[in-house]
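Residue numbers (our numbering): 5 to 602.
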RNA sequence: GGGGCGGUAGCUCAAUUGGUUAGAGUUCCGGACUGUCUAUCCGGUGGUUGCGGGUUCGAGUCCCGUCCGCCUCGCCA
């Protein structure tokens, strides 16, 4: 007995009287007496109650049932019977199966994780180590199923729109820029290395040159950087690219995908996505992926504060690109205690700011905190912020980038503290008009904000091609044709219209300080391809893991990956990474320089 | 690489100011009970307090080091 006639989620009242055969795990055991035992049988499809009853079956089955442990694997034969009182927790709750035959297919040791115990979820360390037990939990089964449905929805939607699914290599070459690569030594070519792809970016562009026209791939990407709650070293993209399109057309297709997905999985009809420019997002929200489920917008009050004698403000405004910005927190006076706002000062220090000057609105003017310093501009501040009695005003004063970033992060923290986030909302938006380049202080050079293959916006092309590499202000101001899809403050997709002209691509390399020789050495395949008739093209990559996180309501990326890695990049179940034999290393022409400590 | 939190029974947690034999729930083991719903009731087993040092009459508790997990800054074109 190792096959089944039905799954554990299948039986209904109309099956009453049928003789059935079921297989699965012992989810719960309720021993009513030595002659009456209930077992909840679980498989991927659901849970069915089994009854072992000596009166009904006339057999000695109940004593055998008593020997069953949670998570034993069993097969049973029995008769479906309607129940007097249905159990509404299970889809099969209207019936039960009176067992006449029982076979234990597999015993279990005392498990460190009990899938039916929803109250005492073991530590994540144990969940990861015994992943096969964790995956049995109904919640994890739901996530796995949702992830499958998202992949299927992507394939169906893009197939409907003419996209071809095409695979690209996982063993590829390392290219400069971007994240740290995972490397694979070559056996055949001593001293040479493959790199695992950070994304199939160049391959998908070359597929466009190859005439694929519309491409889709659900592909694994690898970036050897420290993980976060929403980031893994190994993650999955829904990667798309289209030929002969402009930004408008790409956004329409991709927005259509997100809308289809949310409808398919959640039954939610999303409204048309808002668009916001990068500059606007930074000015108003202090972040390039604003969460618009709440207001608390950043307001520039530099001009007002310049007239005060408050040293924190005047010193900030004396810096290059110095600003003073403020957030008005409605009703903050009652909830944001001195202790909390002191904590905010500490919080923003994580982002390089000195602290958070605070004041409150009362009786139509400002009181407490830095009120005495801003007294002369109190009326104007209140008016510009639209503040009312009982509000708290939080300031950020520093260079534009520091003040903006600190207040942007603070804005989100305050929203959580004040419970201002409506969790039922789905606020999607496109962030557009990113800068092409970003200055890096440490290395004193420009980097591509998105990646070096992003095209300048159409109206910028002439200015871009004439740009002098020494004109840092000019370079910084060039707007690209890149875009991000943002959902509730989380970036779920990003892409751009790509460069399809060789001379434009060469100009990007020039402005990035990549010499012609280096460009030829590292990117000749791309430059060559662009020289043989490349169609205008653009695309996007969605973070599949993050989409599933949103659709299943988890804030932990490990929950949506069957076999995820810990923060140190370890697979706690199979214990990767691990040592290898010396012979393997020799064959690969590799010698470790690690100290033999462990 | 930096900052923070955590590691005590198979699992989830507790243990006062450093002080008696490290407790409870659950799993597991044994028993009672014929309609349970993660059943209930009675009894029992179960501990290298992550690991290594140190301080002390005495350390789960304090100190130093180290490993692991989580959150986070840097990083993530």
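Beta carbons: idealized from backbone N, C-alpha and C, even for Gly.
For clarity, every value in this text was computed on a predicted model and none was experimentally measured.
The alpha helix (DSSP H) enclosing residue i, as first and last residue numbers
i, result
"residue 157", "142 to 164"
"residue 511", "506 to 515"
"residue 416", "404 to 421"
"residue 467", "465 to 469"
"residue 477", "476 to 480"
"residue 344", "342 to 353"
"residue 329", "That residue, residue 329, is in no alpha helix (DSSP H); its beta strand (DSSP E) goes 326 to 333."
"residue 315", "315 to 322"
"residue 1", "Residue 1 lies beyond the stretch modelled for the chain, which goes from 5 to 602, so this question has no answer here."
"residue 305", "Run containing residue 305: none; DSSP gives neither H nor E here."
"residue 66", "65 to 70"
"residue 444", "That residue, residue 444, is in no alpha helix (DSSP H); its beta strand (DSSP E) goes 441 to 444."
"residue 375", "375 to 378"
Reference residue i, options the options, closest by Cα
i, options, result
"residue 191", "596, 588, 294, 63", "588"
"residue 261", "214, 173, 181, 156", "156"
"residue 213", "539, 87, 57", "539"
"residue 355", "372, 410, 513, 180", "410"
"residue 226", "215, 240, 233, 218", "240"
"residue 196", "177, 208, 181, 184", "177"
"residue 10", "83, 434, 30", "83"
"residue 7", "575, 27, 473", "27"
"residue 333", "397, 313, 372, 311", "397"
"residue 545", "486, 386, 17", "486"
"residue 537", "574, 46, 160, 210", "210"
"residue 376", "363, 386, 388", "363"
"residue 598", "583, 590, 592", "583"
"residue 413", "423, 395, 353, 383", "353"
"residue 12", "571, 31, 45", "45"
"residue 263", "573, 253, 251, 276", "276"
"residue 49", "232, 142, 338, 172", "142"
"residue 501", "357, 338, 247, 577", "247"
"residue 463", "450, 437, 519", "437"
"residue 321", "138, 106, 130, 403", "403"
"residue 491", "547, 522, 565, 520", "547"
"residue 389", "304, 508, 591", "304"
"residue 483", "208, 175, 283, 266", "283"
"residue 442", "428, 586, 478", "478"
"residue 474", "574, 504, 433, 516", "516"
"residue 147", "184, 551, 593", "551"
Buried versus exposed, by CB contacts within 10 Å (16 or more), residue i
i, result
"residue 52", "buried"
"residue 279", "exposed"
"residue 416", "buried"
"residue 116", "exposed"
"residue 133", "buried"
"residue 469", "exposed"
"residue 407", "buried"
"residue 294", "buried"
"residue 602", "Low per-residue confidence applies at residue 602: pLDDT is 39, beneath 50, and the placement is therefore not dependable, though the value from the model is reported in the following sentence. Result: exposed."
"residue 595", "exposed"
"residue 221", "buried"
"residue 579", "exposed"
"residue 289", "buried"
"residue 19", "buried"
"residue 193", "exposed"
"residue 383", "exposed"
"residue 215", "exposed"
"residue 136", "exposed"
Bridge partner(s) assigned by DSSP for residue i
i, result
"residue 226", "238"
"residue 219", "168, 245"
"residue 489", "434, 497"
"residue 99", "86"
"residue 25", "81"
"residue 369", "366"
"residue 279", "434"
"residue 199", "176, 187"
"residue 43", "33, 54"
Limits of the unbroken beta strand (DSSP E) element including residue i
i, result
"residue 53", "50 to 57"
"residue 627", "Any question about residue 627 goes unanswered here, given that the chain covers just 5 to 602."
"residue 364", "362 to 366"
"residue 452", "449 to 452"
Cβ-heavy atom distance, residue i to the ligand HEM, below 8 Å
i, result
"residue 437", "Only the bare structure without any ligand can be found here, which leaves the ligand HEM out of the picture."
message: Going residue by residue through the segment 515 to 589, where are the continuous beta strand (DSSP E) segments of at least 3 residues, counting only ones entirely within it?
response: 541 to 547
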